[in-house]
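Remarks on the structure that follows.
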Amino acid sequence: MKKKTVCVVGMGYIGLPTAALLASNNFNVVGVDLNTNTVETINQGRIHIVEPDLDAFVRSAVAAKCLTAFTTPQPGDIYMICVPTPFHEDADIPQPNIDYVLAAVHSIAGFVKPGDLVILESTSPVGTTEKMALVLKDAGVDVSQIHMAYCPERVLPGKIMTELVENDRVVGGITPAATHAVSNFYRTFVRGTVLETDAKTAEMCKLTENSFRDVNIAFANELSMLCAKSGIDVWNLIALANCHPRVNILQPGPGVGGHCIAVDPWFIVAGDPETARMIRTAREVNNFKTDWAIDQIKIAVVDASARTGHKPKIACLGLAFKPNIDDLRESSAVRIANALISEGYDVVVVEPNIEAHDQFALVSLEEALKLADVFVALVKHREFLTDTVKATMRQRSAVDFCGVVFG
Ligand SMILES: NC(=O)c1ccc[n+]([C@@H]2O[C@H](COP(=O)([O-])OP(=O)(O)OC[C@H]3O[C@@H](n4cnc5c(N)ncnc54)[C@H](O)[C@@H]3O)[C@@H](O)[C@H]2O)c1
């Protein structure tokens, strides 16, 4: 049987691993990206993002001529849209920006033929798959003859190549026939269960998963602020409460970062601000936690200044949005370090997962332990969980937002 061709539009953290996996599963894959450097790098069998095992998949797919990248779409049988879906931050309620999705769909319109599958994987507000159908219809495509569906991505960075195969997937078509056809495509390379629903439910499912995380982290963050006022150790409190057989409180942090949990709940709130009260409040609590953290650091600096008699040096431990990764997108730690620097504080930053940063003076952990008067634990990276770090932080001033010393 002739190999099917999959045209994957968007060669980022989601599109490239998906393309490489499909290439290793007997599909002919065309990868499309507007970025010429990305396209050239892939065609050399190399990768432009950090993700374990991805390099080997891409190297062998390109060498076997099963994966080729282009800057414009190419004819295929299956089209997958994996482009960014950021938000417009300027509004009171941040609004989803689906311009990249609509542009990507427009770019494939001239190639789509009867019987093809058109799949959206980008995290999107409810109704986006229907809007994609309208774009194709306006471009003259008979959408009754193609199968369009939404299939959200659930992978964890750092484990993408495993989770793409093992995770359960939700597929929602704009018709039952589309749901079925697209589900069967996923079943050719996914070992998890492929669950069938409609497009709107699948779109809402992805937003629900990330909002669930955001609401639960907001609960922990609110507890941490209440406890600080009452002189209660929040880490101990949560450990005690979690001994209840039906309680499972998450850990607090300096806010919520990353390009998913800090973004996607706004897609629900923007769609119905009157009703989405708890989801909106959770976003506000998590953002407020970062402002609160900055104030706590300032109080610690005043104390350290009185104790040492000089302008204290602050060491911010961690910049990434979560432990043991190099991703700084929407990171609360970055917001905190930036705020302190812009207000004239003397700040050094330790981030073991990156080599250099144009805004921050990066120093080694050893150097920070020698130099700093005030330690601010922002990310629970494994490098910080040593007895030396704990002892030094306890001896000087420490503000711990993620349980490095006290958790
Ligand atoms: N990264 C994750 O862990 C993750 C997890 C779940 C869902 N998602 C969602 O998946 C989507 C993609 O995320 P990502 O992290 O892969 O983004 P990314 O920024 O890493 O990659 C997107 C790529 O799309 C390209 N692009 C933009 N418009 C294009 C167009 N019209 N034609 C061709 N290429 C185009 C960009 O140049 C970029 O290389 C987003 O909606 C995101 O929310 C991401």
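Numbering (my numbering), first residue to last: 31 to 437.
For each residue, glycine too, the CB sits at the ideal point set by N, CA and C.
All figures in this text were calculated on a predicted structure; none of them were measured in a lab.
S152 is a Cβ neighbour of C112, given a cutoff of 8 Å. When the five nearest sequence neighbours on each side are left out, the beta carbons in the same chain lying within less than 8 Å of the beta carbon of V201 are those of A179, Y180, C181, T209, V212, S213, Y216, V224, L225, E226, T227, A232, in order along the chain. With respect to L347, V380 sits close: the two C-beta atoms are nearer than 8 Å.
Where N67 is concerned, the enclosing alpha helix (DSSP H) starts and stops at 66-73. Note on geometry: alpha-carbon atoms of D321 and G287 lie some 14 Å from one another.
Boundaries cannot be given for Y43, as no beta strand (DSSP E) includes it and DSSP labels it neither H nor E. Taking all protein chains shown into account, T68 has 16 or more neighbouring C-beta atoms within 10 Å of its C-beta and is therefore buried.
V39 has its alpha-carbon roughly 12 Å from the corresponding atom of P105. Here the segment 274-291 makes contact with the segment 306-326; the two share three or more CB pairs at distances below 8 Å. Comparing alpha-carbon positions, the option among R221, A99, L415, L84 lying closest to L64 turns out to be A99. When rounded, the separation of the alpha-carbon atoms in F436 and F242 is 26 Å. With 16 or more other Cβ atoms inside 10 Å of its own Cβ, K236 counts as buried.
Our two residues, V419 and K33, have alpha carbons roughly 56 Å apart in a direct line. Residue state for Y375 is assigned as coil, using DSSP reduced to three classes. Between G61 and the set T71, V80, M41, the nearest pair of CA atoms involves M41. Straight through space, the alpha carbons of N266 and D107 are spaced by roughly 55 Å.
Between D357 and A363, the C-beta spacing is not below 8 Å.
Inter-segment contact for the segment 126-141 and the segment 68-79 is absent: fewer than three beta-carbon pairs are separated by less than 8 Å. Taken in chain order, the unbroken stretches of alpha helix (DSSP H) that lie wholly in the segment 325-372 and span 4 residues or more are 362-372. Residue pairing by DSSP puts T98 in a beta bridge opposite V60. Under the DSSP assignment, D129 falls in the alpha helix (DSSP H) whose first and last residues are 129-138. In the DSSP annotation of this structure, A391 is not part of any alpha helix (DSSP H), being labelled neither H nor E.
A buried status is given to L399, since no fewer than 16 other beta-carbon atoms sit within 10 Å of its beta-carbon. In the three-state scheme derived from DSSP, where H, G and I count as helix and E and B as strand, M31 is classed as coil.
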